[in-house]
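Residue numbers (my numbering): 6 to 178. For every residue, glycine included, the Cβ atom is placed at its ideal position computed from N, Cα and C.
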Amino acid sequence: MYSDFIKKAYSIGRVKDSSEAFKDYPPEEEWHHGDAIGLIGESKVEYLAKYSIGDIVYVKEFLFPDGSIGSNHLFVIIDDNNISVPLDYFGFIISSRLNKLKYDSNVLLKKDFFNNLSKDSIVKTDCVYRIASDNILFKIGSVSRSNVIRYKNMFLSKWYLLFFFILLIKFYK
6 MYSDFIKKAY SIGRVKDSSE AFKDYPPEEE WHHGDAIGLI GESKVEYLAK
56 YSIGDIVYVK EFLFPDGSIG SNHLFVIIDD NNISVPLDYF GFIISSRLNK
106 LKYDSNVLLK KDFFNNLSKD SIVKTDCVYR IASDNILFKI GSVSRSNVIR
156 YKNMFLSKWY LLFFFILLIK FYK
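Structure follows, in structure tokens:
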């Protein structure tokens, strides 16, 4: 059973598999170059059976449907599939490309003690990614519930405004 937020994200076609994130945002272009564990240090890593909303997680390598290899990336978990041990999580990708802050769907995430990021980064709120629980290697930190709510609201405001605009155009044709 999905939350209302995830149902809305699916209804407007803005949920993608996490494999799409690796195509759109290659880890080689990030600060960790696909090797975040060496930069964050083993002492900050938590290996968990279940993750919580707000956790920043490291998603491992896997094969794309075309056979190419996807690489490692950070995501902030914003939702799960509401069962006791979730099979899927939903998240926004975290990128270190601060030059992308010019886009209104990206929000600054400053490094701090709680998120354990090695450098300031951005949370990209333009697309929700479905992440299979077995693709998550570990947790490196977390963001507050209020930040998760802010990220979700940014996502919804952008896509519902666009959806409403498209409906208006169709209505007046």
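Asparagine 120 has its alpha-carbon roughly 26 Å from the corresponding atom of arginine 19. For the options Lys124, Asn111, Ser57 and Ser101, the alpha carbon positioned closest to that of aspartate 93 is the one of Ser57. Rounded to the nearest angstrom, the gap between the Cα atoms of valine 128 and leucine 114 is 7 Å. By the beta-carbon neighbour count (other beta carbons within 10 angstroms, threshold 16), arginine 150 is exposed. Short of 7 Å from the beta carbon of leucine 103, and not among the five residues preceding or following it, lie these beta carbons of its own chain, in chain order: Asp125 and Ile127. Collapsing the DSSP output to three states places leucine 106 in a helix. When only Cα atoms are considered, tyrosine 15 and serine 138 end up about 19 Å apart. Around glycine 96, the same chain offers Phe80, Val81, Ile82, Ile83, Tyr134 and Ile136 as residues with beta carbons nearer than 6 Å, after the five sequence neighbours per side are excluded. In this structure aspartate 117 is exposed. Its beta-carbon is surrounded by fewer than 16 other beta-carbon atoms within 10 angstroms. Under DSSP, asparagine 111 shares a beta bridge with Lys129.
The continuous stretches of alpha helix (DSSP H) do not include tyrosine 94, which lies in the beta strand (DSSP E) extending over residues 93-100. Here lysine 21 has Cys132 and Tyr134 as same chain residues with Cβ atoms under 6 Å from its own Cβ, once five neighbours each way along the sequence are excluded. 7 Å or more divides the Cβ of isoleucine 154 from the Cβ of isoleucine 61. By the criterion of a C-beta distance shorter than 6 Å, tryptophan 164 is surrounded in its chain by Ile17 and Arg19, once the five residues flanking it on both sides are discounted.
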